[in-house]
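Have a look at the structure below before the remarks.
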Amino acid sequence: MPELPEVEVVCRGLRPHLVGRAVTGILTSGKKLREEIPAERLRREMVDRRIVSVTRRAKFLQVGLETGAMVLIHLGMTGNLGFFPPVVPPARHDHVRWLLDNGLELRYHDTRRFGAIRVLGPEEVPRLEETVYRTTGPEPFGEDFTADYLHRLAKGREVAVKAFIMTNQVVAGVGNIYANESLFRAGIRPDRKVKSLSRNEWARLIPAIREILRHAIECGGSTISDFLDAGREKGYFQINFKVYGRDGQACTACGAAIGKKTIGGRASYCCPNCQT
DNA sequence: CAAGTTACCTGACGGC
DNA sequence: TGCCGTCAGGTAACTT
1 MPELPEVEVV
11 CRGLRPHLVG
21 RAVTGILTSG
31 KKLREEIPAE
41 RLRREMVDRR
51 IVSVTRRAKF
61 LQVGLETGAM
71 VLIHLGMTGN
81 LGFFPPVVPP
91 ARHDHVRWLL
101 DNGLELRYHD
111 TRRFGAIRVL
121 GPEEVPRLEE
131 TVYRTTGPEP
141 FGEDFTADYL
151 HRLAKGREVA
161 VKAFIMTNQV
171 VAGVGNIYAN
181 ESLFRAGIRP
191 DRKVKSLSRN
201 EWARLIPAIR
211 EILRHAIECG
221 GSTISDFLDA
231 GREKGYFQIN
241 FKVYGRDGQA
251 CTACGAAIGK
261 KTIGGRASYC
271 CPNCQT
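Position one of the first sequence corresponds to residue 1 (this note's numbering), numbered consecutively onward.
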């Protein structure tokens, strides 16, 4: 499920329910995610502490504690968070349950266990950008994400533009779906080598990425409110994809059949007519 | 060093 | 019905 827009939607959905709450206990499944769940450290930094912020950087959710400590949550491919009353039996693949002082539980559910949960002490938080995010590029909505930056970074390189913009070091948070959709919006073929893109094309791609992401966040936002007790994919993404998953179907702009091929091991879709 | 491949997991789906 | 291969929105560790 989660690329940047989904993580942003989860972030905004959690915030009003979490900020100001204190954690009273933490239960874990004992199963390993991408990394071991640091259950003891989680308890040490969170139990009897108040949550003061819920933010996002790249695809990480950042839960800030009153002590200055922080818990990072990455949803991987199938991670999700939801609030439940304790009487609701935990589901298969619920891996962390945060008991809250309002009687509800926040549950982390992750079928494929590609997600991650990390704990940072107060002394580690000021250096996040140099440690956790050392290899993470600019936020797509950040002012450092510019055509000049991309043009310079792409110089002489042979990688396909779609793989390039999906690389975390280049820009944070653009996954397979929105890479496909952004390139369609910008009219650029996903298999173009980045060294062949003009300064103008980069300048076109940036707003395309931003508009696609912003629209996806807004679509998710329409159902944000039912986080309580709802959990799981309650129809967040009624986004109409223009190319993703539409191979063989007619392009919404010109009617040509959308094509599909693999780039960098990932399914890639493109209109042979609208994208050059 | 850049670019491509593989591994980590489970579940859903299509073909036979 | 069931068995098998393939695929899935992420990422890092590999190999080439």
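The beta carbon of each residue, even a glycine, is placed where N, CA and C say it ideally should be.
Can you tell me whether residue i is helix, strand or coil according to DSSP?
i: L128; result: helix
i: V47; result: strand
i: A91; result: coil
i: G173; result: coil
i: E66; result: coil
i: A253; result: coil
i: S268; result: strand
i: F184; result: helix
i: V96; result: strand
i: V194; result: helix
i: A58; result: coil
i: L120; result: strand
i: E233; result: Only weak support is given to the placement of E233: the predicted model assigns it a pLDDT of 45, under 50, and the question is left unresolved by the model.
Going along the chain, which residues of its own chain have a beta-carbon closer than 6 Å to the beta-carbon of residue i, five neighbours each way excluded?
i: A69; result: E45, G121, P122
i: V23; result: M46, V47, W98
i: Y149; result: none
i: G175; result: E3
i: K193; result: E158
i: S225; result: Because the pLDDT of S225 is 41, which lies under 50, any placement of that residue in the model is unreliable, and the number read from its coordinates should be weighed accordingly. Contacts found: none.
i: I26; result: L42, R43, W98
i: R92; result: none
i: R50; result: A22, E66
Quick check: the Cα distance between residue i and residue j, rounded to an integer number of angstroms?
i: V119; j: I177; result: 29 Å
i: R56; j: G137; result: 14 Å
i: R21; j: R41; result: 19 Å
i: L65; j: V87; result: 27 Å
i: V9; j: I209; result: 17 Å
i: L33; j: N80; result: 13 Å
i: K260; j: R266; result: 10 Å
i: F145; j: T135; result: 15 Å
i: Q249; j: R214; result: 25 Å
i: P5; j: N168; result: 15 Å
i: R12; j: I263; result: 33 Å
i: L128; j: P85; result: 34 Å
i: P272; j: L18; result: 46 Å
i: D94; j: P126; result: 31 Å
i: Y108; j: Q62; result: 14 Å
i: A58; j: E211; result: 17 Å
i: G196; j: D110; result: The question names Gly, but residue 196 in the sequence shown is Ser. Spanning the two alpha carbons is a distance of roughly 40 Å.
i: C219; j: F241; result: 12 Å
i: K31; j: K155; result: 43 Å
i: L205; j: F83; result: 37 Å
i: G103; j: T28; result: 18 Å
i: P190; j: T276; result: 9 Å
i: A160; j: A256; result: 23 Å
i: R15; j: I37; result: 22 Å
i: G187; j: A216; result: 19 Å
i: H151; j: I165; result: 12 Å
Who are the near neighbours of residue i in its chain, counting only those whose CB is closer than 7 Å to its CB and skipping five residues on each side?
i: Y244; result: I177, N180, E181, Y269
i: V77; result: For the record, residue 77 in the displayed sequence is Met; it is not Val. So the qualifying residues of the chain are R112, F114.
i: E35; result: A116
i: A203; result: A147
i: L247; result: For the record, residue 247 in the displayed sequence is Asp; it is not Leu. Same-chain partners within the cutoff: I258, G259, K260, Y269.
Checking the sheet assignment: what are the DSSP bridge partners for residue i?
i: K260; result: Y269
i: G79; result: D110
i: F84; result: E105
i: V71; result: V63, V119
Going along the chain, which residues of its own chain have a beta-carbon closer than 8 Å to the beta-carbon of residue i, five neighbours each way excluded?
i: T131; result: E124
i: C254; result: C271, N273, C274
Cβ of residue i versus every heavy atom of the ligand NAD: is any distance shorter than 7 Å?
i: P85; result: Because no ligand of any kind appears in the structure shown, any question about the ligand NAD cannot be addressed here.
Could you tell me which whole alpha helix (DSSP H) segments of length 4 or greater appear in the stretch 126 to 168?
The stretch 126 to 168 contains these whole alpha helix (DSSP H) runs: 147 to 154, 161 to 165.
Please specify which runs of the beta strand (DSSP E), each continuous and at least 3 residues long, are wholly inside the stretch 8 to 42, giving them in chain order.
The stretch 8 to 42 contains these whole beta strand (DSSP E) runs: 23 to 28.
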